[in-house]
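Student:
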Amino acid sequence: MTTTTHSSHLSPAFPGRAPWGTAGKLRAWQQSAMDRYLGEQPRDFLAVATPGAGKTTFALTLASWLLHHHVVQQVTVVAPTEHLKKQWAEAAARIGIKLDPEYSAGPLSKEYQGIAVTYAGVGVRPMLHRNRVEQRKTLVILDEIHHAGDSKSWGEACLEAFEPATRRLALTGTPFRSDTNPIPFVVYEEGNDGIRRSAADYTYGYGSALGDGVVRPVIFLSYSGNMRWRTKAGDEIAARLGEPMTKDAVSQAWRTALDPRGDWMPNVLRAADLRLGEVRKGIPDAGGLVIASDQDSARAYAKLLREITGTKPTLVLSDDTGASKRIDEFSDSADPDARWMVAVRMVSEGVDVPRLAVGVYATTISTPLFFAQAVGRFVRSRRRGETASVFLPTIPDLLGFAGEMEVERDHVLDKPKKEGEEDPYAESEKEMEEANREQDEDTGEEETLPFEALESDAVFDRVLYDGAEFGMQAHPGSEEEQDYLGIPGLLEPDQVQLLLQKRQARQIAHSRKKPDEEADLLELPAERRPVVSHKEMLELRKQLNTLVGAYVHQSGKPHGVIHTELRRVCGGPPSAEATAGQLRQRIDKVREWATRMR
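Start counting the sequence shown at 177; every next residue gets the next number (the working numbering).
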């Protein structure tokens, strides 16, 4: 199957008016996708479009055409959450398609042309939905279809319920998962490497959408800082976010940063609110969202924001009727005090709050799927020149995702593990299960954490934009930090880059004038301070072990003796806990020894 991208020759609003009176205007990619669909009339169609691009408008325009031409007689929309199924019903009503979002069983009232249900709802009663699609010709719209792979029961229920459907339209903004559960009604094609990947019928990526002005450019502001925590064994550990460390240490330092009792979160929230104030000069109704890991943290962050701003933020704790109402009220609010919303997970996907322009990623979920969906809440553009700003801790995985915003992915079904290589996907599966929970109930995990957060501070670290890094480290509240927080909220994408380059040049020039005793932070531009990823650390350890193994044969000494000697000469802890610099030093030293023996 050949993937088609957006039509570059069409203007973003071509053709000026949709021919069936279903929408004021169709964007170029929506019209192009419609043309492809109507030309082929396929039973199954997978459309991949970046969050904020307008998948709902495309799907409902197509549904209207199929109903009008009697290809189908009714529509079933399947969405991930209760809030989203109501959102679909409201959007459909605006173009004259009436969907019942409260349908549970029995005959459908004649005033409706279909229903909106959740994947969980289909999972409970698949035969009910199968009977409905067998009785009348049905278009099934599967929104964010990757959720059909969340559990075996959901996938099987979707297959059972919608196998007889006349037409199926699958939609997703992120067609990749961290596991290998096949997604129903998605075609997988085997590549030359023998690996099967999902094949979309139409793809409209973030890079294309940014070029068309359909989505906002995203400025990522990363914060480092010193963390201190106590392990279960009673040991006190200190580390700096972004410095090379073991995977467990990264996780514990990250959790320490997000602890509301430390100084990191209050400083980052204060900076984010300053940024929101700057953005509001150009976008008066701009709002902010803090994505929290659990209910307790969300409540604590809401309390901090109230102290910082003097106004009470909107708190969204679970995917229930009350939560939907609070999201809608925040979305529609023109109140100048309605600045912030704090939520647990549920707002990370699909929920449409167009005025969100500033975000704080305050959760330890580190899957590419969750990150992409979370950032997707801020990129929906309403007028040209709007920018989005997302605040992050300096965690290698997150900075990697931020630097790959424009990379288009497919769902990989086969993930071969090479001998001796750590499976890069295994770590994500548990997080994916957690990220996709519909409820955000307290799990009691905090009581069993293998550490206790003791203290944290925050340091402005760097800005990431369009794959490049800018800035030097600066104290919270400093003039240098304010330089980046004060970037205008209304800018063209190329203006953002130019402005960031100027800010960095000014910061470097300013730092050179300081006396040495005032240079208490790392005086290096961001691009010269790379964050070493977990994968790179694995490669360094592997390289060291390979060289030591070769030197064993050359010297006749055991592995353990050589490693001990390297530690004695170079200093530092065992290899598993050594920093990237220490590992490189040992690699150089063992090479030097091997050269001498030749």
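Each residue gets a CB set at the ideal place from its N, CA and C atoms; glycine is no exception.
(1) For residue 722, does the three-state DSSP call read helix, strand or coil?
(2) Alpha carbons only, please: which of 528, 762, 538, 371 is nearest the one belonging to residue 442?
(3) Measure the C-alpha to C-alpha separation of residue 492 and residue 295 and round it to an integer number of angstroms.
(4) For a test of your reading of the model: does the CB of residue 368 fall under 7 Å from any non-hydrogen atom of the ligand ZN? Yes or no.
(5) Pull the bridge partners of residue 318 from the DSSP assignment, please.
(6) Rounded C-beta distance between residue 765 and residue 745? I'm assuming under 8 Å.
(7) Starting from the Cα of residue 306, find the closest Cα among 334, 317, 324 and give me that residue.
(8) Three or more beta-carbon pairs under 8 Å between the segment 399-408 and the segment 555-570, yes or no?
(9) Could you work out which residue in 235, 439, 409 is closest to residue 636 when comparing CA atoms only?
(10) Check whether the segment 241-249 touches the segment 308-327, counting contact only when three or more Cβ pairs, one atom from each stretch, lie closer than 8 Å.
(11) Give the DSSP bridge partners of residue 402, in chain order.
(12) Please name the residue in 529, 416, 479 whose C-alpha comes closest to that of residue 502.
(13) Looking at the strands, I want to know which residues DSSP matches up with residue 291.
(14) In chain order, what residues of the same chain lie with their CB nearer than 6 Å to the CB of residue 532, ignoring the 5 residues before and after it?
(15) Where residue 276 and residue 661 are concerned, what is the direct C-alpha to C-alpha distance, given to the nearest angstrom?
(16) Quick check on residue 375: does DSSP put it in helix, strand or coil?
(17) What's the gap between the Cα of residue 716 and the Cα of residue 677?
(18) Do you know how far the Cα of residue 712 is from the Cα of residue 563?
(19) Nearest-angstrom Cα distance between residue 659 and residue 652?
(20) For residue 225, does the three-state DSSP call read helix, strand or coil?
(21) When you compare only the Cα positions, how much space is there between residue 320 and residue 344?
(22) Report yes or no: do three or more beta-carbon pairs, one from the segment 409-420 and one from the segment 446-463, lie closer than 8 Å?
(23) Using 8 Å as the cut-off, can you tell me whether the segment 382-394 makes contact with the segment 216-235, which would need three or more C-beta pairs spanning the two stretches below that distance?
(24) With DSSP run on the structure shown, which of helix, strand or coil describes residue 788?
(25) Among 494, 557, 330, 468, which residue has its Cα nearest to the Cα of residue 518?
(26) Check residue 407 in the structure and name its three-state DSSP category.
(27) Since residue 515 and residue 485 should fall inside the 8 Å C-beta cutoff, what is the C-beta to C-beta distance between them, to a whole number of angstroms?
(28) Buried or exposed: residue 215, going by 16 or more other Cβ atoms within 10 Å of its Cβ?
(29) Considering only C-alpha positions, which residue in the set 506, 629, 324, 681 is nearest to residue 406?
(30) With H, G and I counted as helix, E and B as strand and the rest as coil, what does DSSP make of residue 581?
(31) Please report the straight-line C-alpha distance between residue 773 and residue 759, rounded to a whole angstrom.
(32) Is the beta carbon of residue 548 closer than 8 Å to that of residue 350?
(33) Under 8 Å between the Cβ atoms of residue 781 and residue 261?
(34) Applying the criterion that 16 or more other CB atoms from any shown protein chain within 10 Å of the CB defines a buried residue, is residue 700 buried or exposed?
(35) Going by DSSP in three states, residue 640 sits in which element: helix, strand or coil?
(36) Are the CB atoms of residue 338 and residue 362 within a distance shorter than 8 Å?
Tutor: According to the data block:
(1) In the structure shown, the three-state DSSP call for residue 722 is helix.
(2) Across the set 528, 762, 538, 371, the C-alpha of 538 shows the shortest separation from the C-alpha of residue 442.
(3) Per the coordinates, the alpha-carbon of residue 492 lies some 22 Å from the alpha-carbon of residue 295.
(4) Annotation note on the ligand ZN: not contained in the displayed structure, which lists no ligands.
(5) The partner list for residue 318 (beta bridge, DSSP) reads 254, 346.
(6) That pair is a contact at about 6 Å.
(7) Comparing Cα-Cα distances from residue 306 to each of 334, 317, 324, the minimum goes to 334.
(8) Judged by pairs of C-beta atoms under 8 Å, the segment 399-408 touches the segment 555-570, as three or more such pairs exist.
(9) Checking every option, the nearest Cα to that of residue 636 belongs to 439.
(10) The segment 241-249 vs the segment 308-327: in contact.
(11) Residue 402 pairs with 416.
(12) Ranking the options by Cα distance to residue 502, first place goes to 529.
(13) Under DSSP, residue 291 shares a beta bridge with 252, 276.
(14) Cβ-Cβ distances below 6 Å link residue 532 to 463, 465, 553, 554 in the same chain, with the five nearest sequence neighbours on each side left out; the list follows chain order.
(15) The alpha-carbon atoms of residue 276 and residue 661 are separated by roughly 45 Å.
(16) In this structure, DSSP gives residue 375 a state outside helix and strand, which the three-state scheme calls coil.
(17) Here the C-alpha atom of residue 716 lies approximately 32 Å from the C-alpha atom of residue 677.
(18) Residue 712 has its alpha-carbon roughly 32 Å from the corresponding atom of residue 563.
(19) Rounded to the nearest angstrom, the two C-alpha atoms are 11 Å apart.
(20) Strand at residue 225.
(21) Rounded to the nearest angstrom, the two C-alpha atoms are 13 Å apart.
(22) The segment 409-420, when compared against the segment 446-463, does not touch it at the 8 Å Cβ threshold.
(23) Yes, they touch.
(24) Only positions 177 to 774 of the chain appear in this structure, which leaves residue 788 out of reach.
(25) The residue among 494, 557, 330, 468 with its C-alpha nearest the C-alpha of residue 518 is 468.
(26) Here residue 407 sits in strand by DSSP.
(27) Residue 515 to residue 485, Cβ: 6 Å. Contact.
(28) The residue in question, residue 215, is exposed, as its Cβ has fewer than 16 Cβ neighbours within 10 Å.
(29) Per the Cα distances, 629.
(30) Coil, per DSSP.
(31) In this model, residue 773 and residue 759 are separated by some 22 Å (Cα to Cα).
(32) Yes, the Cβ-Cβ distance between residue 350 and residue 548 is below 8 Å.
(33) With the chain represented from 177 up to 774, any question about residue 781 goes unanswered, as that position is not in the structure.
(34) Residue 700 comes out exposed.
(35) In this structure, residue 640 counts as strand in the three-state DSSP scheme.
(36) No; because the gap between Cβ atoms is not below 8 Å, this pair is not in contact.
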